[in-house]
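Novice:
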Amino acid sequence: MAGVPTLAAPETDRPLVIGLSLSPTWVRAAAWRRLDSRIEEVFDLDFSVDAARRAEAAHLDFVFKPDALTLDPTVLASALGFATLDPTVLLSAVAARTERIGLVTTASATFAPSYLVAREVQSLDRVSRGRAGLNVVMSLGGQQNFGRAHMPPSDERFAAAHAWLDDVRALWATFPGEALALDRDTGAFADVSAIHALPDRPGRPRGPIDVPSRRGARIPILQAGGSPAGKDFASQYADAVFAAAATTDSAAAQREDLRARAEARGRAPGDVRVLPGLSLFLAHTRDEAFALHAASLDASDLPQSLAGLSRLLGIDLVALPLDERIPAALAAGLQREQGPVGAIAALIAAGITPRALARSAEGAASLHWTVIGTPADAVAQIVARARAGAIDGFIALPAGSWGSFALFLDEVVPALVDAGLFRERYDSATLAGHLGLS
Ligand SMILES: Cc1cc2nc3c(=O)[nH]c(=O)nc-3n(C[C@H](O)[C@H](O)[C@H](O)COP(=O)(O)O)c2cc1C
């Protein structure tokens with residue numbers, strides 16, 4: 001395929017990594033208004049447990065809970081927005097009602113104290129018997145909830161995130177499970193020589209943490225982001241990156257870049273898996289899928305969609321007339337961007353209106369890879385991207401309805417198994433095991 005780097009060849013035999021967002025994307029926008037949406041249950045445990053158990057029955061690697069630490073109440077006038085339970089509390093409860101699937105929580109390196117995150121995630125790892133993962137985000141907002149008038153600049157957030165994640169990982173090791181002796185005969189509870197504090201550094205946690213690690217624990221790290229600073233961070237620490245990649249070329253370019261950066265850091269290029277978000281509006285026929293997509297947008301509040309797009313793109317689309325072309329000058333600042341933002345810039349340059357942009361696949365999917373079609377359409381696109389070496393897997397964002405969600409797990413995933421791209425059963429019990437990490 002023209003323009004798609006094939007640097008990735010050595011891992012093409014490795015099975016895809018598939019996660020499911022518990023966000024829950026399938027009742028987002030106007031999809032909650034369907035009679036079968038179960039929206040009344042969205043803040044109850046069973047809603048998420050049901051989704052996670054179905055994902056486990058399909059042997060997915062993990063369920064994944066993004067988190068924003070902020071709420072825009074105006075969005076709630078017409079949609080769920082980002083209202084949510086705390087991700088680690090929710091996943092701890094899901095842990096008790098699932099057996100094998102990985103549980104990836106999200107924490108903000110910008111706002112959450114490293115000590116608290118370290119003990120929460122180590123606790124999740126214990127209650128789930130090794131299924132915890134940590135998705136590190138730098139946060140896109142929420143400063144008002146942490147006593148800050150302004151969002152710290154991106155470079156400052158990333159600089160702080162390096163120390164933050166070093167501390168989280170170091171704290172995990174301060175109380176190794178192996179230190180527990182629990183010898184009733186001698187009365188030795190723990191080998192205290194194996195439990196240690198961290199060096200005394202201003203503003204940094206000392207430990208030791210009060211939660212023992214699991215024996216031999218390896219908690220996988222995910223990172224969400226896409227800027228050069230984000231990739232640099234991911235290339236040092238991340239086992240996988242949650243990426244926004246609307247096109248094959250942009251996914252391949254991000255993957256090649258991350259692999260090269262990982263290698264420059266002395267890691268194997270395949271150590272950082274690239275998992276683009278994949279928004280799936282699925283139905284038995286393409287016509288039904290397009291109708292599902294349109295219905296999930298039609299009844300939704302157009303200004304809210306445009307406000308969301310404006311935040312993502314950093315340009316103001318809200319004040320523009322809905323049915324007149326967006327001035328091409330507004331997209332000028334976007335042109336330098338590769339990938340999804342570039343695709344939207346191209347739509348603007350071609351004269352798209354705000355209404356049409358909000359309803360386009362590119363606009364509606366918040367810059368994610370989007371399939372509107374049948375399960376076979378989704379399988380064809382996933383197989384093509386995998387064979388092109390553009391992805392190591394994906395994070396599924398089923399959209400439009402529970403029916404679309406079910407088609408993904410009941411038809412798309414089994415077809416990927418048949419294609420030899422995904423596991424038929426679990427052969428490990430931990431998230432690190434599912435991901436093939438030592
Ligand atoms: C696909 C994707 C998902 C993200 N998910 C979250 C999230 O759940 N919570 C959050 O606070 N930030 C999230 N972010 C924001 C990133 O953590 C980061 O703050 C932002 O993208 C800026 O970093 P970058 O310049 O590397 O993209 C996400 C970013 C991307 C690209």
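By the UniProt record's numbering, the letter at position 330 of the sequence shown is numbered 330, and the numbering carries on one by one without gaps.
Ideal Cβ placement from N, Cα and C applies to all residues, glycine included.
1. Counting Cβ pairs closer than 8 Å, one from the region 339-351 and one from the region 322-329, do we hit at least three?
2. Using only CA atoms, which one of V42, Q223, G177 and L334 lies nearest to S310?
3. Among P354, A245, Y237 and E40, which residue has its Cα nearest to the Cα of A164?
4. Measuring straight from C-alpha to C-alpha, what distance separates A2 and E263?
5. Under a three-way DSSP split, which group does T84 fall into?
6. If you measure between the beta carbons of G102 and G133, is that distance less than 7 Å?
7. Kindly list the residues whose CB is nearer than 8 Å to the CB of M138, restricted to its own chain and excluding five residues on each side of it in sequence; keep chain order.
8. Pairs of beta-carbons, one from the region 246-260 and one from the region 407-415, closer than 8 Å: are there three or more?
9. Less than 6 Å between C-beta atoms, sequence neighbours within five positions excluded: which residues of the same chain meet that for V168?
10. At a cut of 8 Å, does the region 381-400 reach the region 23-33 through at least three beta carbon pairs?
11. Beta-carbon within less than 6 Å of L421's beta-carbon, same chain only, minus the 5 sequence neighbours each way: which residues are those?
12. Identify which residue in D392, I315 and D377 has its Cα closest to the Cα of P354.
13. Figure out for me which residue from V63, A289, H150 and R267 has the closest Cα to the Cα of R131.
14. Express the C-alpha separation of G393 and T6 in angstroms, rounding to a whole number.
15. Return yes when the C-beta of A244 is under 6 Å from any heavy atom of ligand 1, and no when it is not.
16. Between M151 and ligand 1, is the CB less than 6 Å from at least one heavy atom?
17. Below 8 Å on the Cβ atoms is my contact criterion, and I expect N145 with L80 to pass it. Report the Cβ-Cβ distance as a whole number of Å.
18. DSSP three-state call for I39: helix, strand or coil?
19. Give the range of the beta strand (DSSP E) segment to which W369 is assigned.
20. May I ask you to verify whether the region 273-280 touches the region 370-379, counting CB pairs closer than 8 Å and requiring at least 3?
21. What I want to know is whether the C-beta of T374 ends up closer than 6 Å to one or more non-hydrogen atoms of ligand 1.
22. What did DSSP end up calling R215 once you bin it into helix, strand or coil?
23. For R261, which residues from the same chain have a beta carbon less than 7 Å from its beta carbon, with the 5 sequence-adjacent residues on both sides left out?
24. For N135, which beta-bridge partners are listed by DSSP?
25. Mapping DSSP to helix, strand and coil, what is V413?
26. I need the straight-line Cα distance from Q122 to L275, nearest angstrom please.
27. So T105 packs on P87, CB below 8 Å; how close in whole Å?
28. I need the DSSP call for D183, collapsed to helix, strand or coil.
29. With DSSP as the reference, label P5 as helix, strand or coil.
30. What first and last residue would you give for the alpha helix (DSSP H) that runs through P228?
31. Do S48 and V94 have their C-beta atoms closer together than 7 Å?
32. Please list, in chain order, all residues of the same chain as P205 whose beta carbon is under 7 Å from its beta carbon, the five residues on each side excluded.
33. Where does R273 land, buried or exposed, given buried means 16+ other C-beta within 10 angstroms?
34. Quick one: is the Cβ of T248 within less than 6 Å of any heavy atom of ligand 1?
35. Could you name the residues that DSSP lists as bridge partners for R273?
36. Tell me whether the region 40-54 and the region 417-431 touch, counting them as touching only if at least three CB pairs, one residue from each stretch, are closer than 8 Å.
Specialist: Working from what's here:
1. A contact is defined here as three or more CB-CB pairs under 8 Å, and the region 339-351 meets this definition with respect to the region 322-329.
2. Closest option to S310, Cα to Cα, is L334.
3. Contrary to the premise, residue 164 reads as Trp rather than Ala in this sequence. Proximity to W164 across P354, A245, Y237 and E40 peaks at Y237, based on C-alpha coordinates.
4. Low confidence applies here, because A2 scores a pLDDT of 38, under 50, leaving its location unreliable; read the following figure in that light. Approximately 25 Å, taken between the alpha carbons.
5. Under the three-state reduction of DSSP, T84 is assigned to coil, being neither helix nor strand.
6. Judged by their CB atoms, G102 and G133 are nearer to each other than the 7 Å cut-off.
7. Correct list, in chain order: S108, A109, T110, S154, R157, F158, A161, G225 and G230.
8. Output reads no: the region 407-415 does not touch the region 246-260.
9. S114, V117 and A118, listed in sequence order.
10. Contact holds: three or more Cβ-Cβ distances are below 8 Å.
11. Cβ-Cβ distances below 6 Å link L421 to L16 and A386 in the same chain, with the five nearest sequence neighbours on each side left out; the list follows chain order.
12. Answer by Cα proximity: I315.
13. Of the listed residues, the one whose Cα sits closest to R131 is V63.
14. Only weak support is given to the placement of T6: the predicted model assigns it a pLDDT of 41, under 50, and the question is left unresolved by the model.
15. It does: the Cβ of A244 is within 6 Å (strictly closer) of some heavy atom of ligand 1.
16. Not so, every heavy atom of ligand 1 lies at least 6 Å from the Cβ.
17. Wrong, their Cβ atoms sit about 19 Å apart, outside the cutoff.
18. Judged by DSSP in its simplified three-state form, I39 adopts helix.
19. From DSSP, the beta strand (DSSP E) with W369 extends over W369 to G373.
20. Yes, the region 273-280 is in contact with the region 370-379.
21. T374 Cβ: outside cutoff for every heavy atom of ligand 1.
22. The three-state secondary structure of R215, taken from DSSP, is coil.
23. If we look at R261 and ignore the five residues flanking it on each side, its Cβ neighbours are K231, D232 and S235.
24. Per DSSP, T106 and L222.
25. Residue state, collapsed to three classes: helix.
26. Going by C-alpha positions, Q122 is about 24 Å away from L275.
27. Rounded, the Cβ-Cβ distance is 5 Å, consistent with contact.
28. It is a strand residue.
29. Only weak support is given to the placement of P5: the predicted model assigns it a pLDDT of 39, under 50, and the question is left unresolved by the model.
30. Looking at the DSSP string, the run of the alpha helix (DSSP H) that includes P228 is P228 to Y237.
31. Cβ distance < 7 Å, so S48 and V94 count as in contact.
32. Short of 7 Å from the beta carbon of P205, and not among the five residues preceding or following it, lie these beta carbons of its own chain, in chain order: S114, Y115, D167, L171 and L198.
33. When all chains shown are included, R273 counts as buried.
34. Checking every heavy atom of ligand 1 against the Cβ of T248, none is found closer than 6 Å.
35. Its beta-bridge partners are A240.
36. Too few Cβ pairs lie closer than 8 Å, so no.
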